[in-house]
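With this note's numbering applied, the sequence shown corresponds to residues 11 to 339, in that order.
Quick reminder that beta carbons are idealized off the backbone N, C-alpha and C, glycines included.
This structure is a prediction, so every number in the text was calculated from the model and none was measured.
Working notes, structure below.
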Amino acid sequence: MPIHVNNFMGRLGWTLRKRMPRLSSALYLRLQFLTRGGGQRAYTEWFLAQTPAPQPNVVNIETINRCNSTCAFCTANVNAEKRPLRRIDEGLYRSIIDQLADWGYRGHLTLYGNNEPWLDRRIVEFHRYAREKLPDSFIFMSTNGLLLDVAKVDAIKPYVNQLIINNYCTDMRLHPNVEEIRRHVLAHPDDYAGIDILVQMRYLGEVLTNRAGSAPNKGARSRPLRETCLLPFTDMWIMPNGRLGLCCCDNFETTDMADLSKTPLREAWESPALADARRRIAEGRQNYPFCRQCDFIDAGFRMQLVRAILRGDQEGAHRIGGEEKKLGS
Ligand SMILES: C[S@@+](CC[C@H](N)C(=O)[O-])C[C@H]1O[C@@H](n2cnc3c(N)ncnc32)[C@H](O)[C@@H]1O
Ligand code: SF4
Ligand code: SF4
Numbered sequence: 011m012p013i014h015v016n017n018f019m020g021r022l023g024w025t026l027r028k029r030m031p032r033l034s035s036a037l038y039l040r041l042q043f044l045t046r047g048g049g050q051r052a053y054t055e056w057f058l059a060q061t062p063a064p065q066p067n068v069v070n071i072e073t074i075n076r077c078n079s080t081c082a083f084c085t086a087n088v089n090a091e092k093r094p095l096r097r098i099d100e101g102l103y104r105s106i107i108d109q110l111a112d113w114g115y116r117g118h119l120t121l122y123g124n125n126e127p128w129l130d131r132r133i134v135e136f137h138r139y140a141r142e143k144l145p146d147s148f149i150f151m152s153t154n155g156l157l158l159d160v161a162k163v164d165a166i167k168p169y170v171n172q173l174i175i176n177n178y179c180t181d182m183r184l185h186p187n188v189e190e191i192r193r194h195v196l197a198h199p200d201d202y203a204g205i206d207i208l209v210q211m212r213y214l215g216e217v218l219t220n221r222a223g224s225a226p227n228k229g230a231r232s233r234p235l236r237e238t239c240l241l242p243f244t245d246m247w248i249m250p251n252g253r254l255g256l257c258c259c260d261n262f263e264t265t266d267m268a269d270l271s272k273t274p275l276r277e278a279w280e281s282p283a284l285a286d287a288r289r290r291i292a293e294g295r296q297n298y299p300f301c302r303q304c305d306f307i308d309a310g311f312r313m314q315l316v317r318a319i320l321r322g323d324q325e326g327a328h329r330i331g332g333e334e335k336k337l338g339s
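As structure tokens, this is what we get:
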């Protein structure tokens, strides 16, 4: 089926996330850190042993820094937003995609970050351009679905491998427009054979991670986690101001690894500033100021990617969906 509806751990999981949001988040994160330690370290060690640095696995380009939702856990929600409004310069966007193509990039690509991609009117054209230049990349979009309808799904479908619709709500029901999309796709499966649509039932008031201390409903850690973090090794994080940031937890655009309007993309990825950050974070978050208060860990997709790469299965890594399924992103 080209469309699936997922509610992580079913009604029981929903009830736990709603009634005991802090406990659910704490237990989930504890489990993730317990089970990931070895694999994360193996990847960071493998990465640091290579010269030049291996390519990123996920390139994230946020094209506009705004959202239209009220998710309690997210700094981009309309009540917590602090960033000056920015849209990425179109010439810079095209140049970044061209540089990825010249670099032979075949990894994952997203044209969203801490934002709602459908707020950018250029989003379909941006995806069209990316697909044309990067035909082998796995392009996926995550959206809150609030502005989505069948026409928009049809417009984006030639250019993305996967569409994740996060149905944030408090009543465990699909929004009427999302339900309409679900019915339409189920009624016309052949028209959607080339795309994987994943609808996720998400609780609007959930507690997730603290995003380096920036999440509106979860405080910073007082004692740093000594575990490493995969993100500076796997992800390239590009903000609408044209800067390369450290990772997705830079919700307020404060890290600045390079100005991509001046520095070529590959040079920025291989820069001494990022290499130094990686070396320090590899030894634990306590070693890098921006990471000291952070409890972020991704929901498992990056772990799957790096396991495939360490097995030498590059082709398998290219096909892994940006499936979220779990509590985090
Ligand atoms: C920031 S959203 C952007 C795309 C789109 N607006 C959406 O919500 O699907 C991307 C992912 O980040 C997750 N996210 C937001 N705040 C988070 C937090 N504090 N900890 C972990 N993940 C978070 C969201 O739940 C979502 O899965
Ligand atoms: S999680 Fe997505 S939909 Fe919710 S506020 Fe953040 S960016 Fe918006
Ligand atoms: S520990 Fe947190 S702030 Fe540091 S790189 Fe990882 S996700 Fe980003």
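Sorting P64, S224, S271 by C-alpha distance to the C-alpha of T264 places S224 at the top.
The DSSP-derived three-state label of L144 is coil. Within the same chain, T238, L240 come within 6 Å of Q50 by CB-CB distance, once the 5 residues on both sides are set aside.
Less than 9 Å divides the Cβ of Y202 from the Cβ of K167. In the DSSP assignment, N87 falls outside any beta strand (DSSP E), carrying neither H nor E. Between ligand 1 and N16, a heavy atom-to-CB distance of less than 8 Å is absent.
A contact is defined here as three or more CB-CB pairs under 8 Å, and the stretch 252–270 fails this definition with respect to the stretch 314–327.
DSSP lists V68 as the beta-bridge partner residues of D245. Looking from the CA of L95, the closest CA among Q109, N75, W113 belongs to N75. Assignment of C301 by DSSP, reduced to helix, strand and coil, places it in the helix class. In this structure, ligand 3 has no non-hydrogen atom nearer than 8 Å to the beta-carbon of I248. By the rule of a C-beta closer than 6 Å to any heavy atom of ligand 3, the residues picked out are A222, C239, L241, P242, L256, C257, C259, I291, R295, F300, C301, C304, F306. N124 and D200 have their C-alpha atoms roughly 33 Å apart. Taking a C-beta distance under 9 Å as the contact criterion, H118 and V170 do not qualify as a contact pair. The three-state reading of DSSP puts D164 in helix, counting H, G and I together. By the C-beta density criterion, A278 is buried, having at least 16 other C-beta atoms within 10 angstroms. Beta-carbon to beta-carbon, T180 and Y213 are separated by about 7 Å, close enough to satisfy the 8 Å threshold. Relative to R40, the option among A82, I291, P127, L235 whose CA is nearest is L235. Take the alpha-carbon of V15 and the one of R192: they are about 9 Å apart. Buried is the label assigned to R295, since at least 16 other Cβ atoms lie within 10 Å of its Cβ. Shortest Cα-Cα distance from T244 to any of G20, T45, M19, Y53 involves Y53.
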